[in-house]
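Using this note's numbering, the first residue of the sequence shown is number 476, and each one after it goes up by one.
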Amino acid sequence: MTPPSSQPVKAVLGPTNTGKTHLAVERLTARSSGMIGFPLRLLAREVYDRVVAIKGAAQVALVTGEERIMPPDARYVLGTMEALPVTRDVAFVGIDEAQLGADPERGHVFTDRLLRARGREETMILGSASIRGLVKGLVPDAEIITRPRFSTLSYAGSSKLSRLPKRSAIVAFSAEEVYAIAEMLRRFSGGAAVVMGALSPKTRNAQVAMFEAGEVDYLVATDAIGMGLNLDVQHVAFASLQKFDGRRLRRLTVAEMAQIAGRAGRHQQDGNFGTVGLPQGGFTPEEIAAIEGHYFPPLSSLFWRNPTPRFGSLDQLLADLAQPPDQPMLRAAPEAVDIAVLRHLAGDMEVRARGGDFDAVQRLWDVCGLPDFEQLGAEHHSRTVFKLWQWRTNGNGMIDPDWFARRLARLDDVEGDIDQLASRIAAVRTLCFIAQRGDWTADAAGWTEQAQLLESRLSDALHAALAQRFVDRRLALLLRDAGQRHAALPVAVGADGTVAVDGEPIGTLKGFQFKVDPFAKASDHRLLLAAAEKHLRAELARRATALAEGDDGALSLVAEAGTAPRLAWHGHVVATLTRGPTLVQPAIQIDASLRRLEPAQVQAISERLQRFVAAQLARHAGPLAAMGEAAGDLFTPPRVRALLAALTDTSGTIARAAVEDQLGALTPEERPQLRKLGFTIGSLDIFHPLLLKPEAVRWRAALIAAQQGTPVPALPPHGAVLQKNGSQAGLAIAGFRRCANGWLRIDMAEKLARQAHAARMQAAAPPTSPVAGGDDHHHDDHSEEAHGAPPPGFVIDPALATSLGLDEETRRALLGSFGFRAVGEPALQRWRWSGLRKAAEKRQRRKGQPRRPEQARSTPANGDAKRAPERAAKGAHQGKRSKPPRTATPPPPRGERPARRGPSPHSPFAGLAALLAESRED
476 MTPPSSQPVK AVLGPTNTGK THLAVERLTA RSSGMIGFPL RLLAREVYDR VVAIKGAAQV
536 ALVTGEERIM PPDARYVLGT MEALPVTRDV AFVGIDEAQL GADPERGHVF TDRLLRARGR
596 EETMILGSAS IRGLVKGLVP DAEIITRPRF STLSYAGSSK LSRLPKRSAI VAFSAEEVYA
656 IAEMLRRFSG GAAVVMGALS PKTRNAQVAM FEAGEVDYLV ATDAIGMGLN LDVQHVAFAS
716 LQKFDGRRLR RLTVAEMAQI AGRAGRHQQD GNFGTVGLPQ GGFTPEEIAA IEGHYFPPLS
776 SLFWRNPTPR FGSLDQLLAD LAQPPDQPML RAAPEAVDIA VLRHLAGDME VRARGGDFDA
836 VQRLWDVCGL PDFEQLGAEH HSRTVFKLWQ WRTNGNGMID PDWFARRLAR LDDVEGDIDQ
896 LASRIAAVRT LCFIAQRGDW TADAAGWTEQ AQLLESRLSD ALHAALAQRF VDRRLALLLR
956 DAGQRHAALP VAVGADGTVA VDGEPIGTLK GFQFKVDPFA KASDHRLLLA AAEKHLRAEL
1016 ARRATALAEG DDGALSLVAE AGTAPRLAWH GHVVATLTRG PTLVQPAIQI DASLRRLEPA
1076 QVQAISERLQ RFVAAQLARH AGPLAAMGEA AGDLFTPPRV RALLAALTDT SGTIARAAVE
1136 DQLGALTPEE RPQLRKLGFT IGSLDIFHPL LLKPEAVRWR AALIAAQQGT PVPALPPHGA
1196 VLQKNGSQAG LAIAGFRRCA NGWLRIDMAE KLARQAHAAR MQAAAPPTSP VAGGDDHHHD
1256 DHSEEAHGAP PPGFVIDPAL ATSLGLDEET RRALLGSFGF RAVGEPALQR WRWSGLRKAA
1316 EKRQRRKGQP RRPEQARSTP ANGDAKRAPE RAAKGAHQGK RSKPPRTATP PPPRGERPAR
1376 RGPSPHSPFA GLAALLAESR ED
């Protein structure tokens, strides 16, 4: 290093924002070589990046306690003041923030550099005007240059945290305060960036980048921002005016206040400062005047410690470090961590035993320089230092690589909260400091790379954790967007409906309905809805056009059980069916999500949906619409219109008993009109087969629900013919009727009824003539003569009922409802026809109801002409035979009467005998 008196020394003094650091960088890069020492690793890294941009990475070195980038041909060195290689011969030397020589912990290092670090051609001391007198006294040949502030700094008063202006930095003096303020800003304004001295450069740069890019409007920091960090800050708010300096909690000095407040306003842009609330009573008028006018009391002394102690013995080292300064402007530095660790280890027997070994003492002091990044305290920190000293003074003098690898592996975990990650980073910084000392570890470059990679991963995780906890990017984006008159931010709708504004999801768009992100806070819903309203107008208009002009393939009926009948477009509900003039003319109520569209678009969509409903009804429920038209046609006979009206009201199916009177009143000329419309007049029900198809059932259920204002009932599965349970309303709409312990579809019931009547007619028909020469008939005659008369009634094949899944109980109940009743032994499965009206009369008599006069008429119950021969034959037989007079003596039981021998079943009189037997039974 060049002798102190042989080269010019300039002291550039002044407040913040005077361009001192910028001037030093200019002078550095103008020389052939040089170095600048900074108070913070973060600031050293910032200036390193600037110089690399000017000179190239191969020419620039970075030296800090934990990081060392030293290209072989480096001519410019940037680093922290402790790590600055003061013995290096360079043309330019810069000492930044020289007033920190008054700091109790690190001041002696800055004082030493001010006194000893010199460049061959130029030395520049940068600092506050408060050290002007000290520079003159300690460096008499120094040229004092005072620079004015580029912009005005003014006091803005106190403010609530929620009312702070944008581009503000809030300063606190503990991690707890920083976190609490950042949490509150997240709720108020979308979040804040966080800057603390304990952050790694990568994490700090990532946080500052968020603030500089406008992703957040606020920055919460410790007093680290006062040390020359250049940020686009317009306002600095103090959350506190006191801090713990390592020994006591004290109020900030005016110089410290000014150093921090001076970060507001850069270059020609004015700035202001204030407080959040009134911490510790707020600024005094004197403090405000001093900060605004840059009037600070001069420093009276700087801390000093012997920079070149001797290592002859441990006692000699301790004595040299305790040596007082010999100048009145200097005073002895308080005990720092390195001396505290040294004094603690001096009491160890092994250290004391080797207290006379020059190399052992020198290496002991060397390892005591390991910074306490983890803030463990002298006693705990001394354990690591002692272990390092043992390795340095034994064997090959290198640190055990296995110990280093185990420590590194234990810290390789990117999970955890902010405090856990910050603690790991601090521990990794210790390993980085050890690894970059080439005389401490073998393969220093390899270990340094591994430690720095781990620090980088942990820094990324810490940045992500900070952003996740303290930044609500979506809220910040929406707050900025809310103040813009026009949609300047890009909006995108994903294939899954996700709506993103400037890449930040705000919700989903399903059809025309926007739903806020379910993970958004309730307090953010209003902003999210406003953003959707603003940015989705064009997309909604495009969809409205597609709906109004599209084909029927995109539209569908939504008839889910328990909900109102609705219409959907691409699966998204756009309207609801409600009560209309008639069952087949439902009203269409447009969904509320479409009402934000233009009135012309809403009208076009409404007309499109009406056309869709009409087309679907014509396709799937055409008979229903046809009967509605016929019921309203004046040319339709009144009796037919009345019956059709009843059918229309029940959506095309009705129990025959409910309209038996209307049906019986129809003339032979009117009845064909029902069959012409396709209706089946069954034994129990009147229905149209097409209306029992699955899609027709869905539309009928929707129409009934719309007309009645009720939810759609649960419908049976498609293709089902027999149901054991289910919604009674849904089963009725689907065309099922109750039978015993289940429900059977009415078309299947009618099929069973026709099968039963076919069996009855077959039994009543005259037998065919025997085949000539056949022996079977002769055998049957003899068989009958041998066994007596055939069993009464006739057989109905149970195969069809079995195939439908009907059990015996249900089959018997169903046949009884058709007018058939079992006769004879149950095992023989013989049936006899009693007629629907007679069965109804018997049920009424059992219930104690009087017989209606019209029931005495001989009108057939089902009106079928094909039953006339049977009734005629029965009437003729009864006319030829007179009943015996009633007597008080009851007739003998039927089982006691002698069996009558009937004719052969092949005889022409077999049918007549069957009818006579039925009449006797009746």
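Glycine included, each C-beta is placed from N, C-alpha and C at the ideal position.
Whole-Å CB distance - residue 886 paired with residue 902, under 8 Å assumed: 5 Å
Identified DSSP bridge partners for residue 597: 567
The segment 814-825 touching the segment 632-646, judged by at least three CB pairs closer than 8 Å: no
The segment 496-516 / the segment 606-616 touching (three or more Cβ pairs under 8 Å): no
Beta-carbon separation (whole angstroms), residue 553 vs residue 511, contact threshold 8 Å: 6 Å
Three-way DSSP call (helix, strand, coil) for residue 911 in this model: coil
First through last residue of the beta strand (DSSP E) which encompasses residue 1053: 1047-1057
Beta-carbon contacts of residue 670 that lie in its chain and below 7 Å, excluding the five residues immediately before and after: Answer for residue 670: 679, 682, 683, 694, 696, 699 and 700, listed in chain order.
The segment 1121-1130 in contact with the segment 1153-1167 per 3-pair CB rule at 8 Å: yes
Exposure of residue 1216, with buried meaning 16 or more beta-carbon neighbours within 10 Å: Result: exposed.
Completely contained alpha helix (DSSP H) runs for the segment 612-694, where each covers 4 or more residues: Segments of the alpha helix (DSSP H) lying fully in the segment 612-694: 650-664 and 676-687.
Residue 1181 vs residue 1069 beta-carbon contact at 8 Å: Taking 8 Å as the cut-off, the Cβ atoms of residue 1181 and residue 1069 do not count as close.
The segment 1081-1093 in contact with the segment 1138-1158 per 3-pair CB rule at 8 Å: no
Span of the alpha helix (DSSP H), counted from its first residue to its last, around residue 523: 516-530
The segment 482-489 / the segment 599-608 touching (three or more Cβ pairs under 8 Å): Flag = yes, the segment 482-489 and the segment 599-608 touch.
Inter-stretch contact at 8 Å, needing at least 3 Cβ pairs: the segment 1215-1234 / the segment 1267-1280: yes
Beta strand (DSSP E) segment containing residue 485, residue limits: Per DSSP, the unbroken beta strand (DSSP E) holding residue 485 starts and ends at 484-488.
For residue 788 and residue 844, believed in contact at Cβ under 8 Å, the rounded distance: With 8 Å as the limit, residue 844 and residue 788 do not qualify as a contact, their Cβ atoms being about 19 Å apart.
Residue 710, DSSP secondary structure in three states: strand
Meets three-Cβ-pair contact criterion under 8 Å: the segment 539-558 and the segment 513-521: With the cut-off at 8 Å, the segment 539-558 and the segment 513-521 touch.
Cα-Cα separation, residue 759 to residue 753: When the Cα atoms are used, residue 759 and residue 753 turn out to be separated by approximately 11 Å.
Short Cβ contact (8 Å threshold) for residue 569 with residue 575: no
Residues near residue 904 in its chain [Cβ-Cβ closer than 6 Å; skip 5 each side]: Taken in chain order, the residues that qualify are 541 and 848.
For residue 606, the first and last residue of its enclosing beta strand (DSSP E): No beta strand (DSSP E) holds residue 606; DSSP gives it neither H nor E.
Classification of residue 1125 by the beta-carbon crowding that lies within 10 angstroms, buried from 16 upward: buried
C-alpha gap between residue 675 and residue 880, whole angstroms: 21 Å
Assigned secondary structure, residue 932 (DSSP; H/G/I helix, E/B strand, else coil): helix
Sequence-distant residues of the same chain with beta carbon closer than 8 Å to residue 1237, five excluded per side: For residue 1237, the CB contacts under 8 Å within the same chain, skipping 5 residues up- and downstream, are 1269 in chain order.
Where residue 1219 falls: helix, strand or coil (DSSP): strand
Neighbourhood of residue 1064 by C-beta distance below 7 Å, restricted to the same chain and skipping five residues each side: 1050, 1051 and 1053
Check whether residue 1100 and residue 1166 have beta carbons under 8 Å apart: No. Outside cutoff.
Residues of its chain near residue 1164, where Cβ-Cβ distance is below 8 Å and the 5 sequence neighbours each way are ignored: 1153, 1155 and 1222
Closest by C-alpha distance to residue 559, when choosing among 1011, 842, 593 and 1279: 593
Residues of its chain near residue 543, where Cβ-Cβ distance is below 6 Å and the 5 sequence neighbours each way are ignored: Counting only Cβ-Cβ distances below 6 Å, and skipping sequence neighbours, we find 911.
Pairwise C-alpha distance: residue 737 and residue 775: 23 Å
Presumed contact (8 Å Cβ cut-off) between residue 1047 and residue 988, rounded CB distance: 7 Å
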